[in-house]
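Inspection log for the structure reproduced underneath, given as structure tokens.
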Amino acid sequence: MAIESLLTDEDLTPVYSEYERILDGRVDRLLADGTLSERPGGGFGDRYSAVLAADPLSHRWFNISLPLINGPVDAESYVMHCGPAVFDLLRHPAILDVVESVIGPEIASNPVQQMRMKPPVDAVADESLRLHSNIGVTTWHQDIVALLPDADDTRIVTVWVALTDAFVDNGCLVSIPGSHRLGPQVHCANEDLASEPYVPPAVLAGMREQPLPVRRGGVVLFDKLNAHRSLPNRSGSMRWSMDLRYNPIGQGSGRPAFPAFVARSERQPESVLEDFEAWKAMWDDAREAIISGAYPDRIFEDTRWNDQAVC
Ligand SMILES: O=C(O)CCC(=O)C(=O)O
């Protein structure tokens, strides 16, 4: 379901400003080490594309998730952006009102969240990046594929926030209405698709696809079992979104290595996290636990729904 105009320009401006600062920082760093020979010009999307072309791994510094790697890892690859504007967006009352209408007033912010800044396909030279779901297309999947079994019975709602307009030509979401009723489907692992598991076409054959275009400030809501993908960005400018998730307090997040927090609670209002520094500290601690090897379990499992007979 798409909801237009949930967020205003005033709501989104702090996020844009925060990301301008990250981009400036990356540009300065790449100029300093010689990876960029000159300061890129143009709008945010043009400059981001230039940074990505010069250093494809730069996307890591913009994401709102730690990477989905089951260690061991090098510290440099395990980066995440935790900024006050992102924290405020996660707790935005208009978003929480919509979530409350679906799962009730006891709301946890689920840490399965992603930033998707998608330059025009022609601006992404690196073929594997074109198939990376944070940068290029996203293949058919249900979000349950990215979750560990502790979330199998959790009512997770995804709130996909459009930070730019997202239309058919620049890579909006496409969903299969009613697919959440099918239950979890087979997802095939595919190393070529930046390790993103996908529902094979035979499973979805004959089902009706519905593009979900939405303007900047609008959101798309879906269930963890809804089958969806996104289209390639064939426009001339960047398509930008964040997918945020929420679940009823007390239910498993599907990503125990990453920190959830109470975003709204009628029952225990004092448990709501309002302190940005505390939120950031939780993520810094999670990062440290993973990097140091102190986190004992798996972070991510992408072969749970694989079925060799179908794949
Ligand atoms: O934004 C996209 O391109 C894909 C988002 C997605 O698949 C998701 O939110 O689960």
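Those letters in the sequence shown? Residues 2 to 312, by the working numbering.
Cβ coordinates follow ideal geometry from the N, Cα and C atoms, glycine included.
Note that the structure is predicted; figures quoted are calculated from it, not measured.
Buried or exposed: residue i, going by 16 or more other Cβ atoms within 10 Å of its Cβ?
i    : result
R182 : exposed
V215 : buried
P202 : exposed
D144 : buried
D153 : exposed
Q325 : No answer is possible for residue 325: the residues shown for the chain start at 2 and end at 312.
P297 : exposed
D244 : buried
L58  : exposed
R240 : buried
A295 : exposed
R288 : buried
S242 : buried
Would you tell me roughly how many angstroms separate the C-alpha atoms of residue i and residue j, rounded to the nearest one?
i    : j    : result
F301 : P257 : 9 angstroms
D25  : S176 : 35 angstroms
L226 : T140 : 15 angstroms
A55  : I250 : 42 angstroms
C189 : M116 : 23 angstroms
P198 : Q309 : 13 angstroms
S110 : H133 : 25 angstroms
A51  : G105 : 43 angstroms
R131 : P233 : 9 angstroms
L53  : L67  : 18 angstroms
S18  : V204 : 42 angstroms
Taking the beta strand (DSSP E) that residue i falls in, what are its first and last residues?
i    : result
R240 : 240-249
For residue i, which of helix, strand or coil comes out of DSSP?
i    : result
T14  : helix
K281 : helix
V52  : helix
F259 : coil
P150 : helix
W141 : strand
R265 : strand
A76  : helix
R40  : coil
A167 : strand
L3   : Looking at the sequence provided, one finds Ala at residue 3 rather than Leu. A3 falls in the strand class under three-state DSSP.
A295 : coil
H60  : helix
A124 : helix
A95  : helix
L8   : coil
V311 : coil
G218 : coil
G46  : helix
I104 : helix
In terms of DSSP beta bridges, what is residue i paired with?
i    : result
M116 : M243
Y199 : C189
P85  : DSSP output for P85 lists no bridge partner at all.
Q211 : S176
F223 : T159
H229 : H142, S176
S110 : Y247, F262
At what residues does the alpha helix (DSSP H) containing residue i begin and finish?
i    : result
R131 : 128-131
I70  : I70 -> no alpha helix (DSSP H), and no H or E assigned at all.
L274 : Where L274 is concerned, there is no enclosing alpha helix (DSSP H), given that its DSSP letter is neither H nor E.
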